[in-house]
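If you read the sequence shown in the working numbering, its first letter stands for residue 94, the second for the next number, and so on.
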Amino acid sequence: MKTKIIKINPKNIEISKIKAAARILRKGGLVAFPTETVYGLGADALNPKAVKKIFEAKGRPADNPLIVHIADKEEVYRLAKEVPEEAEKLMDKFWPGPLTLVLKKSKIVPDIITGGLDSVAIRMPANKIALALIKEAKVPVAAPSANLFSKPSPTSAEHVIQDLYGKIDVIIDSGETEIGVESTVLDLTTKPATLLRPGGITLEELERVLGKIKIHPIIKGKKVKNIIAKSPGMKYKHYSPNADVILVEGAYQEVKKRIQKLVYKHKKEGKNIGVMTANENHEYKADLIKFVGNDFNTIAKNLFKIFREFDKEKVDIIIAEGVSDKGLGLAIMNRLRKAAYEIIKNPRKASIIKIFK
Ligand code: TXA
Ligand code: MG
């Protein structure tokens with residue numbers, strides 16, 4: 094398939110280009126587009142044939158449901174069977190923005206979107222190109238992140254090209270996304286609401302509106318044996334670079350020592366080792382050291398890009414420093430934990446938790 098790349102300047106959006114991409118969506122084609130979080134791979138959400146192509150292009154398992162993107166709050170009432178008061182409060186406060194709400198689905202939402210669940214995930218993105226595209230398409234747009242299944246989410250059009258060129262109709266290129274981690278997914282079909290994926294809107298911000306929220310245990314990196322249908326996406330190893338990720342969490346002084354020891358240990362095995370650090374003045378010795386930023390916003394923005402850079406340089410192992418679970422840190426840690434092959438929680442006691450491998 095020939096993939097068309099359409100460059101759009103986010104500061105001067107040419108509506109003719111948006112219209113051309115929207116026409117392709119309406120005809121059942123696949124269009125990758127920027128959102129404020131990561132690039133999405135869009136299809137007409139009400140056209141099951143078009144949505145099926147998303148799963149094929151990404152190599153995504155059919156039981157992992159998709160988020161439906163809208164450009165007008167009113168659309169929620171068409172897609173959801175019930176819109177609780179909590180949803181209305183959150184929509185008023187955080188939409189457009191990086192918050193996805195899981196609600197009971199209406200009949201118009203095809204089963205292929207929800208993987209057979211009776212709920213649907215809906216979000217109104219804040220990116221102007223995304224909003225214009227959805228408006229011009231005049232249909233809700235189903236869109237997962239525009240990466241191959243299990244690869245890091247794309248934060249630039251270049252990443253989308255790496256993964257999906259030749260497999261989809263259009264890639265809209267408007268440079269790098271602002272936030273860099275995906276939207277927060279909040280399930281409002283439970284009481285209290287359940288956080289299924291931490292993201293661009295923090296748990297603290299949500300709790301200020303709703304009061305106490307349940308946190309799904311897997312978010313904090315707990316080993317959950319039978320992850321049932323709640324958010325099927327959770328059970329898959331995710332966001333992972335080709336290299337094995339080792340995550341070291343704990344007090345910085347101990348983390349530092351432990352990471353350097355790990356570098357030496359794996360070096361002896363002849364491995365090519367990368368270290369990802371949140372400290373500009375680190376003293377690590379390794380084959381490749383990347384500074385990811387020292388505040389949460391910068392770390393979130395750089396995380397997936399740096400995963401991909403390490404892969405380009407063909408490191409075998411990425412050893413990453415953990416950050417705190419507060420604010421946007423929870424989303425960052427969730428992505429690191431999901432990517433990790435090994436997590437070292439308490440560097441001094443050497444307790445190791447292994448997941449997903
Ligand atoms: O920021 C984002 O959310 C990006 C941009 C493109 O909007 N999209 C994104 O989509 O990250 P995706 O498909 O990569 O992640 C969607 C997540 C998955 O973990 C999926 O399991 C969950 O949302 N999800 C979707 N529908 C659901 C539902 N009905 N119930 C529970 N979880 C659901
Ligand atoms: Mg994804």
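For each residue, glycine too, the CB sits at the ideal point set by N, CA and C.
Checklist entry - Quick one, are the C-beta atoms of ALA336 and GLY367 less than 9 Å apart? => result yes
Checklist entry - With a cut-off of 9 Å, does the C-beta of ILE108 fall near any C-beta of chain D? => result The displayed structure is made up of one protein chain only, and chain D is not part of it.
Item to check | VAL144: first and last residue of the uninterrupted alpha helix (DSSP H) it sits in | outcome: 141-151
Next on the checklist: Going by DSSP in three states, GLU179 sits in which element: helix, strand or coil?
Outcome noted: helix
Checklist entry - Taking 8 Å as the cut-off, does the CB of PRO158 come closer than this to any heavy atom belonging to the ligand MG? => result no
Item to check | Residue range of the alpha helix (DSSP H) that includes VAL385 | outcome: Note, VAL385: premise wrong, no alpha helix (DSSP H); not H, not E.
Checklist entry - Is there at least one non-hydrogen atom of the ligand TXA closer than 8 Å to the beta-carbon of SER243? => result no
Checklist entry - PHE63 by DSSP, collapsed to three states: which one? => result It is not possible to answer for residue 63, since the shown part of the chain is limited to 94 through 450.
Item to check | Segment limits, beta strand (DSSP E) that includes ILE339 | outcome: 337-341
Checklist entry - Would the segment 165-176 and the segment 199-208 be scored as touching if the rule is three or more Cβ pairs under 8 Å? => result yes
Item to check | Delimiting residues of the alpha helix (DSSP H) encompassing GLU350 | outcome: In the sequence as presented, Glu is not what sits at residue 350; that position holds Lys. First-last of the alpha helix (DSSP H) with LYS350: 345-361.
Checklist entry - Hey, would you say the C-beta of THR207 is under 8 Å away from at least one heavy atom of the ligand TXA? => result yes
Item to check | Neighbourhood of ILE254 by C-beta, 7 Å cutoff - its chain only, sequence neighbours within 5 removed | outcome: ILE264
Next on the checklist: So, does the segment 131-143 touch the segment 224-244, judging by three or more C-beta pairs under 8 Å?
Outcome noted: yes
Checklist entry - Three-state secondary structure (DSSP) at LYS284? => result Three-state result, LYS284: coil.
Checklist entry - Where does ARG301 land, buried or exposed, given buried means 16+ other C-beta within 10 angstroms? => result Exposed, by the Cβ-count rule.
Checklist entry - Could you give the distance in angstroms between the alpha-carbon of HIS252 and the alpha-carbon of ILE98? => result Linking HIS252 to ILE98 through their CA atoms gives a straight-line distance of about 13 Å.
Checklist entry - Nearest-angstrom Cα distance between HIS162 and GLU129? => result 13 Å
Item to check | Residue nearest to LYS349 in terms of C-alpha spacing, selected from PRO334, ASN372, PRO154 and HIS359 | outcome: ASN372
Item to check | Helix, strand or coil at ILE436 [DSSP, three-state] | outcome: strand
Checklist entry - DSSP three-state call for LYS200: helix, strand or coil? => result The three-state secondary structure of LYS200, taken from DSSP, is coil.
Next on the checklist: So for ILE308, helix, strand or coil by DSSP?
Outcome noted: Three-state DSSP puts ILE308 in a strand.
Next on the checklist: Beta-carbon within less than 6 Å of LYS323's beta-carbon, same chain only, minus the 5 sequence neighbours each way: which residues are those?
Outcome noted: Any answer about LYS323 is weak, because its pLDDT of 46 lies below 50 and its placement is not dependable; what the coordinates show is given next. Sequence-distant Cβ neighbours of LYS323 in its own chain, meaning closer than 6 Å and more than five residues away, do not exist here.
Checklist entry - Which residues, in chain order, sit with a beta-carbon under 6 Å away from any heavy atom of the ligand MG? => result PRO237, SER238 and SER246
Item to check | Extent of the continuous beta strand (DSSP E) to which SER212 belongs | outcome: 212-216
Checklist entry - Can you list, in chain order, the residues of its chain whose CB lies under 6 Å from that of ASN74, leaving out five sequence neighbours each side? => result Nothing can be reported for residue 74, as the shown portion of the chain is limited to 94 through 450.
Checklist entry - Beta carbon of LYS267: closer than 8 Å to some heavy atom of the ligand TXA? => result The residue you asked about is not Lys; residue 267 is Ser in the sequence shown. Because no heavy atom of the ligand TXA lies under 8 Å away, the Cβ of SER267 does not count as near it: no.
Checklist entry - Hey, out of VAL385, ILE411 and ALA113, whose CA is closest to TYR359's CA? => result The question names Tyr, but residue 359 in the sequence shown is His. The shortest Cα separation from HIS359 among VAL385, ILE411 and ALA113 belongs to ILE411.
Next on the checklist: If you follow the beta strand (DSSP E) that ASP409 is in, where does it begin and where does it stop?
Outcome noted: Per DSSP, ASP409 belongs to no beta strand (DSSP E) and is neither H nor E.
Checklist entry - Are there 16 or more other CB atoms within 10 angstroms of the CB of ASP165, so buried, or fewer, so exposed? => result Around the beta carbon of ASP165, fewer than 16 other beta carbons sit within 10 angstroms, so the residue counts as exposed.
Checklist entry - In chain order, what residues of the same chain have a beta carbon less than 7 Å from the beta carbon of GLU168, not counting five sequence neighbours either side? => result PRO233
Checklist entry - Where in the segment 233-307 do unbroken runs of the alpha helix (DSSP H), each at least 4 residues long, occur, reported from the N-terminal end onward? => result Counting only runs of 4 or more, we get 250-257 and 296-303.
Next on the checklist: Can you give me the C-alpha to C-alpha distance between LEU210 and GLU414, rounded to a whole angstrom?
Outcome noted: 37 Å
Checklist entry - Beta carbon of PRO271: closer than 8 Å to some heavy atom of the ligand TXA? => result Rather than Pro, the amino acid found at residue 271 in this sequence is Glu. No, Cβ of GLU271 sits at least 8 Å from all heavy atoms of the ligand TXA.
Item to check | DSSP-derived helix/strand/coil call for GLY422 | outcome: Reduced to three states, the DSSP call for GLY422 is helix.
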